[in-house]
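FYI, the numbering for the sequence shown is 2 to 483, going by the working numbering. Below: one structure, written as structure tokens.
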Amino acid sequence: THSLSKFYFVYKAAPKTQVEFDYDGPSMKTSVPGTRSQVTHKQHVYSQNVGAINFFCNYDESRGNYLVDVDGNRMLDIYTQISSIPIGYNHPALLKLMSNPNNLSTLVNRPALGILPPENFPNKLTESLLSVAPSGMGRVQTMACGSCSNENAYKAMFIWYRNKERGHNIPSDEDLSSCMVNQVPGCPELSILSFMGAFHGRTMGCLATTHSKAIHKLDVPSFDWPIAPFPKLQYPLEEFSRENAQEEARCLEEVEDLIVKWRQKGKPVAGIVIEPIQAEGGDNHASPDFFRSLRNIACKHGCAFHVDEVQTGGGNTGKFWAHEHWGMDDPADIVSFSKKLLTGGYYHKDELQADKPYRIFNTWMGDPSKNLLLAEVLNVIRKENLLEEVTRSGKALINGLYELQAQYPGILSRARGQGTFCAIDICDDATRSSILLKARDKGVLLGGCGDRSIRFRPALVFKDYHVHIFLNIFNEVLAQHK
Ligand SMILES: Cc1ncc(COP(=O)(O)O)c(C=O)c1O
């Protein structure tokens, strides 16, 4: 028998064909960060964010679900660059695409897409982003990252709202002069309603709707915008369905109260923004019913409904968009994305198209080379049935987490998830940190979220047998914390 069978979970060997470009397990040479990472870190005095760096990586050697570091440690990556690697490292289909000489000029010449797009751009959009457009949305605006997608989506909602109020799109002279000095009516007192625990990015507008951690917000001026409570569900959901329904009803009621209150304050709510699963804020879920009701509230009060799928989009929940789990034909007015989609941007209804050029604009407005890669990623997702695979491995993952939670009730609670987009709570923050570091030294990379949760964000090529490798290692780590 395999040596891992001495642990709780039986290791299921992968069929060879499935792992062509993957390694067969973690392989650790040092603790992480190893010497080479530490030395490089000391040399790295020029950056930005030295304090946040975990270790230095060797992307040439990384494959599939495994990230290799500069000390030669090979780790099963269940965090995937903050959930942004769609089909694993160095997928052969993507390497092949990049080695095609016809694609070189797309890589070398990054255009100002808003004014000088390449001829094949409309076709590439059709092949990539538009082929996975959410229901009811035929338009897409590409952008560079998640924050700038949300930031511009908010602007689109304000522009739409003001034109709706005016009844036409011709600004007055007063609008034009007052906006130049940040005053009404040109810069109107409008607001966006967001939720406690939300994360929508760190730029100024996004930050006004981000309420996950104080460290993101401290010292930065913000807007007086309404913040509604996000449901705090009790797990397991089946046992608490009545309590959870009441909790969701309470939050929805609060949303309507806030919309009315802010209208009375003279700062009407132009849009509501929400994540289908609050990720950074602790993997907080709500039911499809909650989202359907919220969508209806937005319609009833004339607010645009913006679903931020930056982290949930791209297949991790078992559907390409998490909002598909709500089963609606008209789920949103705007859906923003980034991360696994490789390029940022947002889909929108026709009405939310800005009425004049340069109102929603920046230099790059995305990157055509990312659309090339995305088109191929989508091919791989279809060819390899990766959404079904995610559903399958997600079941193995959540069932494994339930078992471990039963085995270590003093450490683990509230296992939850959709597809492989799973999380579990640890008894306290210190224990969480210790578990994350020990797991890493044993070859498993995980991320935290919220006050004391661990989130699972594998690539879409994360299979049952990767789940079992993880569960065995996690079990060992937990045994040390008992
Ligand atoms: C839901 C959500 N929105 C927005 C963002 C911001 O994206 P970016 O970091 O690319 O600016 C994130 C990033 O984690 C996110 O999870």
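Cβ atoms here follow ideal geometry from the backbone N, Cα and C, with glycine treated the same way. All values reported here derive from a predicted model rather than from experimental measurement.
Exercise for the section: Give the DSSP-derived three-state secondary structure of C146 in the structure shown. Expected result: Walking along the sequence shown from the start, residue 146 turns up at place 145. Residue state, collapsed to three classes: coil.
Exercise for the section: Tell me, please, whether the region 314–325 touches the region 256–265 by the rule of three or more beta-carbon pairs shorter than 8 Å. Expected result: no
Problem - Nearest residue (CA-CA) to I382, options H169, N297, S28 and S132 - result: As a position in the sequence shown, residue 382 is number 381, starting the count at 1. For I382, the nearest C-alpha among the options comes from S132.
Exercise for the section: Below 6 Å CB to CB, which residues in the same chain sit around F200 once its five sequence neighbours on both sides are set aside? Expected result: Within the sequence shown, residue 200 is the residue found at index 199, counting from 1. Hits under 6 Å: T211, S213, E281 and G282.
Problem - DSSP bridge partner residues for D78 (one or two, in chain order) - result: Position 77 of the sequence shown holds residue 78. In DSSP, D78 forms a bridge with L446.
Problem - Nearest residue (CA-CA) to V311, options I335, S294 and D330 - result: Your numbering for residue 311 matches position 310 in the sequence shown. Comparing Cα positions, the closest option is I335.
Exercise for the section: Please say whether F338 and G314 have beta carbons closer to each other than 7 Å? Expected result: The residue given as residue 314 occupies position 313 in the sequence shown. The residue given as residue 338 occupies position 337 in the sequence shown. Yes, they are a contact pair.
Practice task
With a threshold of 6 Å, establish whether the CB of H201 neighbours any heavy atom of ligand 1.
Solution key: Translated into the one-based positions of the sequence shown, residue 201 becomes position 200. Yes, ligand 1 has a heavy atom inside 6 Å of this Cβ.
Problem - Boundaries of the alpha helix (DSSP H) in which N121 is found, first to last residue - result: Taking the sequence shown and counting its residues from 1, one reaches residue 121 at position 120. No alpha helix (DSSP H) holds N121; DSSP gives it neither H nor E.
Practice task
Can you give me the start and stop residues for the alpha helix (DSSP H) that E249 sits inside?
Solution key: Here residue 249 refers to the residue found at position 248 when the sequence shown is read from its first residue. Here the alpha helix (DSSP H) through E249 covers S242 to Q265.
Problem - Cβ pair count under 8 Å reaching 3, the region 389–400 against the region 412–428 - result: yes
Exercise for the section: With distances taken Cα to Cα, identify the nearest neighbour of V462 among D72, S85, K43 and F306. Expected result: Within the sequence shown, residue 462 is the residue found at index 461, counting from 1. Checked all of D72, S85, K43 and F306; the closest Cα to V462 is S85.
Handout entry: Cβ pair I425, I455 closer than 7 Å
Key = Position 424 of the sequence shown holds residue 425. Position 454 of the sequence shown holds residue 455. Yes, the pair counts as a contact, with Cβ atoms nearer than the cut-off.
Exercise for the section: Evaluate V182 with the Cβ neighbour count: other Cβ atoms within 10 Å of its Cβ, from every protein chain shown; 16 or more gives buried, anything less gives exposed. Expected result: Sequence index remark: in the sequence shown, residue 182 carries index 181 (1-based). Counting Cβ neighbours within 10 Å, V182 comes out exposed, since fewer than 16 surround it.
Problem - Cβ pair E152, T204 closer than 7 Å - result: Mapped onto the sequence shown, residue 152 falls at position 151. Mapped onto the sequence shown, residue 204 falls at position 203. Yes, the Cβ-Cβ distance between E152 and T204 is below 7 Å.
Problem - At least three beta-carbon pairs within less than 8 Å, the region 142–156 to the region 227–238 - result: no
Practice task
Count the other C-beta atoms from every protein chain shown that fall within 10 angstroms of the C-beta of V141, then say buried if there are 16 or more, exposed otherwise.
Solution key: Indexing the sequence shown from 1 puts residue 141 at position 140. Flag for V141 reads buried.
Exercise for the section: Since I believe Y348 is in contact with M138 (beta carbons under 8 Å), could you give me their beta-carbon distance rounded to a whole number of angstroms? Expected result: Mapped onto the sequence shown, residue 138 falls at position 137. Mapped onto the sequence shown, residue 348 falls at position 347. Contact holds; Cβ gap of about 4 Å.
Problem - DSSP three-state assignment for Q279, whether helix, strand or coil - result: Along the sequence shown, read from residue 1 onward, the residue named residue 279 stands at position 278. In the structure shown, Q279 sits in a strand (DSSP, three-state: E or B).
Practice task
With DSSP collapsed to three states, give me the class of S85.
Solution key: Against the sequence shown, residue 85 aligns to sequence position 84. Reduced to three states, the DSSP call for S85 is coil.
Handout entry: CB contact flag (T107, S370, <7 Å)
Key = Taking the first residue of the sequence shown as position 1, residue 107 is located at position 106. Taking the first residue of the sequence shown as position 1, residue 370 is located at position 369. Yes; because the gap between Cβ atoms is below 7 Å, this pair is in contact.
Handout entry: F22 and R75 closer than 7 Å at C-beta
Key = The sequence position of residue 22 within the sequence shown is 21, counting from 1. The sequence position of residue 75 within the sequence shown is 74, counting from 1. Result no, Cβ atoms of F22 and R75 do not sit closer than 7 Å.
Practice task
Could you please give the first and the last residue of the uninterrupted alpha helix (DSSP H) stretch that includes I171?
Solution key: For the purposes of this step, residue 171 is identified with residue 170 of the sequence shown, where counting begins at 1. Careful: I171 lies outside any alpha helix (DSSP H) and carries neither H nor E.
Handout entry: Where S454 sits in the DSSP three-state scheme
Key = Here the question's residue 454 lines up with position 453 in the sequence shown. DSSP places S454 in strand when its eight states are reduced to three.
Practice task
Kindly list the residues whose CB is nearer than 8 Å to the CB of T2, restricted to its own chain and excluding five residues on each side of it in sequence; keep chain order.
Solution key: Stepping through the sequence shown from its first residue, residue 2 is reached at position 1. In this prediction, T2 has a pLDDT of 33, which is less than 50 and means its spatial position is unreliable; nothing more can be read from the coordinates.
Practice task
Return the CA-CA distance between S195 and L438, expressed in angstroms with no decimal places.
Solution key: To locate residue 195, count along the sequence shown from 1; it is residue 194. To locate residue 438, count along the sequence shown from 1; it is residue 437. So the alpha carbons of these two residues sit roughly 33 Å apart.
Problem - Sequence ranges, beta strand (DSSP E) only - wholly within the region 160–223, length at least 3 - result: 192–196
Exercise for the section: Along the alpha helix (DSSP H) that carries C1, what are the first and last residues, could you check? Expected result: With the chain covering only 2 through 483, there is no way to say anything about residue 1.
Practice task
Please indicate yes or no: does the CB of D309 lie closer than 6 Å to some heavy atom of ligand 1?
Solution key: Here the question's residue 309 lines up with position 308 in the sequence shown. Answer for D309: yes, Cβ within range of ligand 1.
Handout entry: Buried or exposed by the 16-neighbour rule on C-beta atoms within 10 Å, applied to S242
Key = By one-based count along the sequence shown, residue 242 stands at place 241. Exposed is the call here.
Exercise for the section: Mind listing, in chain order, the continuous beta strand (DSSP E) runs of no fewer than 3 residues lying wholly within the region 288–330? Expected result: 305–309
Practice task
Quick one: measure Cβ to Cβ for H467 and N91, integer angstroms, because I've assumed they're closer than 8 Å.
Solution key: Within the sequence shown, numbered from 1, the residue matching residue 467 stands at position 466. Within the sequence shown, numbered from 1, the residue matching residue 91 stands at position 90. No, H467 and N91 are not in contact; Cβ-Cβ is about 16 Å, not under 8 Å.
Problem - K483 versus I83: straight-line alpha-carbon distance, rounded - result: For the purposes of this step, residue 483 is taken as the residue at position 482 of the sequence shown. For the purposes of this step, residue 83 is taken as the residue at position 82 of the sequence shown. When rounded, the distance between both Cα atoms is 29 Å.
Practice task
Please indicate yes or no: does the CB of Q408 lie closer than 6 Å to some heavy atom of ligand 1?
Solution key: As a working mapping, residue 408 is identified with position 407 in the sequence shown. No, ligand 1 has no heavy atom inside 6 Å of this Cβ.
Practice task
Please work out which residues of its chain come closer than 7 Å, Cβ to Cβ, to Y403, disregarding the five sequence neighbours upstream and downstream, and give them in chain order.
Solution key: Looking up residue 403 in the sequence shown gives position 402. Excluding residues within five positions, the ones whose Cβ falls inside 7 Å are A416.
Practice task
Specify the secondary structure class of E128 as computed by DSSP and reduced to three states.
Solution key: Against the sequence shown, residue 128 aligns to sequence position 127. Here E128 sits in helix by DSSP.
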